[in-house]
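Residue numbers (my numbering), protein chains in the order written: chain A, 3 to 508; chain B, 11 to 183.
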């Protein structure tokens with residue numbers, strides 16, 4: 003896998019579609035364009051979405067989901083046995099018609115305008131779900147590629163409709179087996195094609211966990227209403243099991259799970275709210291590398307929710323709100339990430355928007371121009387964070403240097419300064435010190451130490467540090483040989499110091 | 011047979027032509043009847059010509075929730091009436107409608123009055139909203155015109171918006 007610099011930036015997936023793509027999509031849906039003809043139009047849109055990301059400086063790019071009408075119903079075109087049905091066609095079968103009516107009122111939409119992929123026969127891939135998307139993107143970028151796929155719980159829950167699907171799959175569990183197999187096969191295919199990151203989208207888990215009253219439920223799964231009246235814990239456990247069956251033992255590709263609280267309107271007031279506590283046990287149990295989470299709005303709750311499970315997974319931190327007009331300030335993003343470092347290692351933190359910018363083709367939540375500026379704000383925040391941490395890669399920051407004789411861990415170093423009057427000696431170059439330094443440290447660049455050794459007091463402990471502890475180890479060894487028996491190296495350097503949440507400036 | 015929006019155009023033209031020539035033939039269409047029989051609890055059954063349907067109350071109102079309640083049927087009736095009107099007016103203009111749907115919502119002025127717990131206001135609807143969604147190729151201005159025409163000529167709409175003289179009578183048997 004590609005070695006990434008710290009705090010990689012990425013997207014959750016979708017990008018606002020240009021008007022000419024929407025026109026082509028409508029023609030395609032009306033049967034006026036062939037699959038191939040539509041894909042040719044979409045190719046251009048993908049390149050445009052990619053250019054926005056590359057120009058903003060995003061590290062891991064997506065194709066903006068330009069070929070999809072939304073993040074999950076596109077599977078209807080790829081799978082035999084699945085038909086895109088309107089809610090109007092499904093109303094007679096829906097288990098909870100009140101729920102559907104409420105959903106439509108929320109969306110201010112008629113039943114005939116909302117489509118749901120529905121299982122009408124045994125499902126079988128007619129073509130890969132996203133391999134064509136990935137191959138096109140890989141051909142046009144050198145950046146690592148992320149492909150979002152609808153998760154197994156979402157697909158099973160939305161596609162199985164009682165009265166329609168139970169003729170072929172008596173229960174949702176029966177359908178789930180085939181859904182898991184399809185997704186698993188797809189991930190392996192994407193990995194072999196060179197995709198860096200597959201993200202499973204399971205937005206409905208929040209609805210299951212938060213059990214909102216029917217008026218504020220917003221998801222359009224015909225059968226979800228029934229699910230939410232059952233035990234949320236049972237549902238979440240089932241979702242976790244399905245996800246683990248999909249990813250079990252798959253190596254060589256980064257796997258993530260994305261959950262969110264709704265992304266179909268810019269009215270924050272009607273989207274779900276709640277922190278991650280009710281979901282945390284299940285998130286921890288999911289055998290994925292990364293949680294791709296909303297964390298940019300107050301609706302997502304406090305980061306303290308992660309206190310019980312620290313540094314167990316990577317987090318794709320939502321640091322910008324894809325729906326708002328104002329662009330987040332890089333300082334605010336840096337501050338939020340800094341806060342997250344209480345619960346995640348620097349090597350575990352990725353930056354992304356809370357969700358896509360155009361989850362539903364016809365309902366983009368922002369303009370491409372604003373979306374672009376939000377990506378730029380993220381990239382600027384990452385640039386500032388990287389400067390603070392020095393040019394270390396994720397792997398370097400991950401390496402917990404074992405403490406050898408003559409080395410101390412950050413907490414011990416801080417104690418020496420506090421209780422034994424130790425001197426902190428920064429041996430990095432001046433430009434490095436400008437980015438970040440330990441308050442009260444003296445500074446002599448490594449190469450100048452022999453000439454300026456007299457400036458270093460010999461009657462107290464000396465804690466020598468650099469970025470990750472390599473240059474300073476040499477200096478500490480040298481000092482000990484020169485009559486500084488109490489000279490020690492700060493293991494892991496200022497990076498370890500920062501990870502330990504000890505104070506730095508500026 | 012010429013057909014538009016599922017309607018027989020010839021038959022429709024014929025009806026309009028006949029009524030134009032002799033308004034008295036529309037006379038029977040001025041009177042409508044229903045018979046409602048109490049079943050049990052809050053359940054009732056309506057008999058209308060050769061049709062029948064059940065009316066109940068939701069469990070919150072001590073009913074068995076086996077069917078919509080009477081005030082909900084009013085919303086259903088208004089929605090159906092506006093639908094008929096819209097399709098009639100669109101068809102008269104030769105406009106094909108692919109999809110049409112109305113979402114209605116009514117607010118009772120004061121339901122406590124119905125329960126005999128208040129003298130304030132009245133137990134009828136104070137306001138009713140009707141959001142209509144239409145999917146057709148015609149100009150939006152024309153569709154808005156048809157909708158406006160539909161609302162002003164709606165029999166149920168007019169029943170609700172105007173004062174109706176009720177003639178109640180009780181007979182002991």
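Heads up, the beta-carbon is just placed ideally off N, CA and C, and yes, glycines get one too.
- Contact with chain B is absent for residue 21/A, since none of that chain's Cβ atoms lies less than 8 Å from the residue's Cβ.
- As DSSP reads the structure, residue 408/A sits in no beta bridge.
- Taken atom to atom, the span from the alpha-carbon of residue 172/A to that of residue 186/A is near 22 Å.
- The residues 329, 330 and 332, in chain order, have a CB closer than 6 Å to that of residue 379/A in the same chain once the five nearest residues on each side in sequence are set aside.
- By the beta-carbon neighbour count (other beta carbons within 10 angstroms, threshold 16), residue 316/A is buried.
- For residue 385/A, DSSP assigns no beta-bridge partner whatsoever.
- Of the residues 157/B, 67/B, 50/B and 118/B, the one whose Cα lies closest to the Cα of residue 144/B is 157/B.
- Taking 8 Å as the upper bound for CB-CB distance, residue 65/A and residue 52/A are in contact here, some 7 Å apart.
- Annotation: residue 370/A has no Cβ neighbours in chain B at a cutoff of 8 Å; minimum Cβ distance is about 27 Å.
- Against chain B, the beta carbon of residue 109/A has no neighbour under 9 Å; the closest one sits roughly 10 Å away.
- Excluding five sequence positions before and after residue 178/A, the CB atoms of its chain that fall closer than 6 Å to its own CB belong to 158 and 244, given in chain order.
- In the displayed model, residue 268/A falls within coil according to three-state DSSP, outside both helix and strand.
- For residue 286/A against residue 257/A, the beta-carbon gap comes to about 15 Å, at or over 8 Å, which does not count as contact.
- Against chain B, the beta carbon of residue 106/A has neighbours under 8 Å at 113, listed in chain order.
- Partner residues in the beta bridge of residue 137/B, as assigned by DSSP, are 117/B.
- Secondary structure note for residue 129/A: it is in no alpha helix (DSSP H), with a DSSP letter that is neither H nor E.
- Of the candidates 391/A, 36/A, 26/A and 455/A, 455/A places its Cα closest to the Cα of residue 482/A.
- Residue 114/A has a beta carbon lying within less than 8 Å of a beta carbon in chain B.
- Between residue 71/A and residue 363/A the beta-carbon gap is near 5 Å, inside 8 Å, which marks them as a contact.
- When the beta-carbon positions are compared, residue 478/A and residue 466/A come within less than 8 Å of each other.
- For residue 115/A, there is no enclosing beta strand (DSSP E), as DSSP marks it with neither H nor E.
- For the 8 Å CB-CB criterion, residue 342/A and residue 351/A form a contact.
- Counting C-beta pairs with one atom in each stretch, the segment 132-139 of chain B and the segment 76-95 of chain B have three or more that are closer than 8 Å, which means they touch.
- Closer than 8 Å to the CB of residue 75/B there is not a single CB belonging to chain A.
- Looking at the DSSP output, residue 169/B sits in no beta bridge, so it has no partner there.
- The segment 234-254 of chain A makes no contact with the segment 268-276 of chain A: fewer than 3 CB pairs, one atom from each, lie closer than 8 Å.
- Going by DSSP, residue 35/B is part of no beta strand (DSSP E) at all; its letter is neither H nor E.
- In this structure, the CA atom of residue 74/A is about 17 Å from the CA atom of residue 92/A.
- By the CB criterion at 8 Å, residue 73/B and residue 104/B fall outside the cutoff.
- Counting only runs of at least 4 residues, the segment 288-365 of chain A fully encloses the following alpha helix (DSSP H) elements, listed from N- to C-terminal order: 332-342.
- In this structure, the straight-line span from the alpha carbon of residue 90/A to that of residue 99/A is close to 11 Å.
- C-alpha of residue 170/B to C-alpha of residue 266/A: approximately 36 Å in a straight line.
- Contact annotation, residue 204/A with residue 153/A: C-beta distance approximately 4 Å; criterion of less than 8 Å satisfied.
- Note that the segment 187-203 of chain A touches the segment 126-140 of chain A; at least 3 beta-carbon pairs, one per stretch, sit closer than 8 Å.
- Selection 484/A, 492/A and 96/A evaluated against residue 472/A yields 492/A as nearest (Cα-Cα).
- CA-to-CA, the gap between residue 311/A and residue 288/A works out to about 13 Å.
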